[in-house]
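Numbering (the working numbering), first residue to last: 2 to 136. Glycine included, C-beta positions come from ideal geometry on N, C-alpha and C. From a predicted model like this one, the values you see are computed outputs, not experimental measurements. Report on the following structure.
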Amino acid sequence: MGKSVPYILVVDDNPGIRFLLTEALTGSGYRVETAAGGAEAINQVHNLTPDLILLDVKMPKLSGLETLTEIRKLVPDIPVIMMTAYTEMNQVWQAIETGQVNNFLKKPFDLCELEESIKNLLSKNGPMDGVIHPV
Numbered sequence: 002m003g004k005s006v007p008y009i010l011v012v013d014d015n016p017g018i019r020f021l022l023t024e025a026l027t028g029s030g031y032r033v034e035t036a037a038g039g040a041e042a043i044n045q046v047h048n049l050t051p052d053l054i055l056l057d058v059k060m061p062k063l064s065g066l067e068t069l070t071e072i073r074k075l076v077p078d079i080p081v082i083m084m085t086a087y088t089e090m091n092q093v094w095q096a097i098e099t100g101q102v103n104n105f106l107k108k109p110f111d112l113c114e115l116e117e118s119i120k121n122l123l124s125k126n127g128p129m130d131g132v133i134h135p136v
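If you want it as structure tokens, here you go:
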């Protein structure tokens, strides 16, 4: 049986970031889906669980941390990398210390650094094999 392609969900309100990460990660062999905000991300996780989530901290309506709280109710152990361009890191550090976030990257970040973090987290957790959550 062939190895499954890891599925990554990119959640960012900036379409340029979503496009850049989609291009870079699909070029590295990952299956990538995107969400422009928290509600869309929660819906996508509810329908098909990704192997890893890249989640922006500051988004309109639901922040990244609020989105993460809801995602954790569906999938408590999914690896999450938070991304932020902002210097106010208190909430992100708190989320890391409590185990809610596996890693964070400060924008702008190096794509090689991102890919290394993804590889490390996926090798620890293995693929989720597209778990579907019943309604």
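Range covered by the alpha helix (DSSP H) that runs through residue i
| i | result |
| --- | --- |
| Ile54 | Careful: Ile54 lies outside any alpha helix (DSSP H), inside the beta strand (DSSP E) at 53-57. |
| Asn48 | 39-48 |
| Ile72 | 65-75 |
| Gly100 | First-last for Gly100: undefined, no H or E at that position. |
| Phe20 | 16-28 |
8 Å Cβ cutoff met for residue i and residue j
| i | j | result |
| --- | --- | --- |
| Ile9 | Val46 | no |
| Val12 | Ala40 | no |
| Ala96 | Leu56 | no |
| Ala42 | Thr68 | yes |
| Lys62 | Gly30 | no |
| Asn48 | Val81 | no |
CA nearest to the CA of residue i, picked from the options
| i | options | result |
| --- | --- | --- |
| Asn15 | Asn48, Leu26, Ala86 | Ala86 |
| Ser118 | Glu98, Glu34, Met84, Trp94 | Met84 |
| Leu106 | Asn44, Val93, Thr27, Arg32 | Val93 |
| Glu114 | Leu22, Pro7, Ser5 | Leu22 |
| Asp78 | Thr99, Gly28, Glu34 | Thr99 |
| Arg19 | Ser5, Glu34, Gly28, Glu116 | Glu34 |
| Ser5 | Gly28, Glu24, Arg32 | Arg32 |
Residue i - containing beta strand (DSSP E), residue span
| i | result |
| --- | --- |
| Ala36 | 32-36 |
| Thr85 | 81-85 |
| Phe105 | 104-107 |
| Val12 | 8-12 |
heavy atom of the ligand ADP below 7 Å from residue i C-beta
| i | result |
| --- | --- |
| Leu55 | What this structure holds is no ligand at all, so the ligand ADP is not there to describe. |
Chain B within 8 Å of residue i, Cβ atoms only
| i | result |
| --- | --- |
| Glu67 | Protein chain content of the structure displayed is limited to a single chain, and chain B is not contained in it. |
Any 3 or more C-beta pairs closer than 8 Å across the region 62-76 and the region 105-115: no
Segment contact flag, the region 44-58 with the region 114-127, C-beta cutoff 8 Å, min 3 pairs: yes
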